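Accompanying notes for the structure given below.
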Amino acid sequence: FRFVVRHLRSYDLADRFLGFLGPVVVVATLTAMLTAFVFGFALLLAPFESISVPDALRESGSSVTTLGFESTRYPGPTVIDVVAGATGLIVVALTIAYLPTLYSIIRDRERLVKQLEGRAGSPTWGPQVLTCHHTQGALECLPAFFGEWEIWAAEVADTHTKYPVLVTFRLPRAPNHWVLSLLAVLDAAALDLSLRPSAARPEARLVLQMGRRCLRDLAGPTGAPTETDKSGQDLWLTEEQFADAVRHLSEAGYPLERTAAEAWPEFRSYRLTYEAIALHIADRVVAPPTRWSGPRTLFPDLEPLPYRPPGPQSLAG
27 FRFVVRHLRS
37 YDLADRFLGF
47 LGPVVVVATL
57 TAMLTAFVFG
67 FALLLAPFES
77 ISVPDALRES
87 GSSVTTLGFE
97 STRYPGPTVI
107 DVVAGATGLI
117 VVALTIAYLP
127 TLYSIIRDRE
137 RLVKQLEGRA
147 GSPTWGPQVL
157 TCHHTQGALE
167 CLPAFFGEWE
177 IWAAEVADTH
187 TKYPVLVTFR
197 LPRAPNHWVL
207 SLLAVLDAAA
217 LDLSLRPSAA
227 RPEARLVLQM
237 GRRCLRDLAG
247 PTGAPTETDK
257 SGQDLWLTEE
267 QFADAVRHLS
277 EAGYPLERTA
287 AEAWPEFRSY
297 RLTYEAIALH
307 IADRVVAPPT
317 RWSGPRTLFP
327 DLEPLPYRPP
337 GPQSLAG
């Protein structure tokens, strides 16, 4: 899929094409398992004198797929055929049984992402999360908001470790990718702690802790680095970009208690713990390019998607 995407001219086409990745992985995994069973049972049948290698493959394929068009009427091969038929039936049945579970997990994962889009617009950006909560009179909702995302991060870490194929599922043409949404929430929590120390709530620290844990758990399925606390490590995000974000918050009337220069060291210490792995995962899954989410290897010259504000509904209450 990455090879094909590398040769596509537009990100929109790549995004739609990558929407097929998850289902294809599930089907390919099932096909590979059944193929392995066919060859495995064929190797068990081949030693019998009356069965040649081609006949063993035909008989094994007939049994594993439960079609029953080929069999040998001897005790040994008959037992193998019965076991092969039961194995193929169980594998297919278990795979089908897991599909509703996978769909339910994806639905629950995307629910909070869509809610975030309604609160902070799309594509989601950490400073914009705080801006929208302030302009809509909902700063008091931030603790509950961070609490919901702490639970979300714990659930994603648990389910996506058990079912790594979930990492490949995405909503095509969706500006808010779930990895970017988590990054935006972590940035919002780090900003709030850095710029409003007197109003800092434990929920912000807890979501940062759980978010880092979630990203580390996702490192395996995505091949991302797991070490994120290296001393002396440089941020991809620059101090100038941070200062621009603080200026954006100030112009929106956000209650700042520190200047950008004063808040930068603390914010930098927070972001150092999750930036490298978050940006690597976003690049690996070819998430839409947004502000503060790093470049895309397959589309290095692609500009961040334009921001679309949320609807006129109020968050208060």
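Letter by letter, the sequence shown follows residues 27 to 343 in our numbering. We put the CB at the ideal spot given by N, CA and C, even for glycine. As the structure is a prediction and not an experimental result, all values here were calculated from the model.
Classification of residue i by the beta-carbon crowding that lies within 10 angstroms, buried from 16 upward
i	result
GLN267	exposed
THR248	buried
GLU176	buried
PRO103	buried
GLU329	exposed
HIS33	exposed
SER86	buried
GLU283	exposed
GLY111	buried
PHE29	exposed
SER76	exposed
THR299	buried
PHE122	The question names Phe, yet the displayed sequence has Ile at residue 122. With fewer than 16 other Cβ atoms within 10 Å, it is exposed.
TYR296	buried
SER36	exposed
Three-way DSSP call (helix, strand, coil) for residue i in this model
i	result
ARG133	helix
SER224	helix
PHE325	strand
ARG145	helix
ARG334	strand
TYR124	helix
ALA40	helix
SER319	coil
GLY279	coil
GLN162	coil
ALA313	coil
Contacts around residue i, its chain only, beta-carbon distance under 8 Å, and the 5 residues preceding and following it disregarded
i	result
GLY173	GLU229, LEU232, VAL233
LEU125	VAL52
GLY114	LEU60, PHE63, SER89, VAL90, THR91, THR92
Beta-carbon separation (whole angstroms), residue i vs residue j, contact threshold 8 Å
i	j	result
VAL90	PHE63	5 Å
LEU168	ASP243	LEU168 to ASP243, Cβ: 25 Å. No contact.
6 Å CB neighbourhood of residue i in its chain, flanking five on each side removed
i	result
PRO335	GLY147
ILE132	PHE195
Same chain, Cβ closer than 7 Å to residue i, five either side skipped, listed in chain order
i	result
LEU331	PRO149, PRO201, PRO314, PRO315, THR316
VAL312	VAL31, ALA40, LEU44, ARG322, LEU324
LEU156	ALA214, LEU217, ASP218, LEU275, TYR280
LEU165	HIS159
ALA269	ALA286
Cβ-heavy atom distance, residue i to the ligand PLP, below 7 Å
i	result
LEU208	Absence of the ligand PLP from the depicted structure is noted, as is the absence of any ligand whatsoever, leaving it without description.
>> So within the segment 50-112, which uninterrupted alpha helix (DSSP H) runs reach at least 4 residues, ignoring any that extend past its ends?
In response: Correct list: 79-90.
>> I'd like the ranges of any alpha helix (DSSP H) spanning at least 4 consecutive residues and lying wholly in the segment 167-252.
In response: Runs of the alpha helix (DSSP H) lying entirely within the segment 167-252 and spanning at least 4 residues, in chain order: 168-188, 204-221, 228-248.
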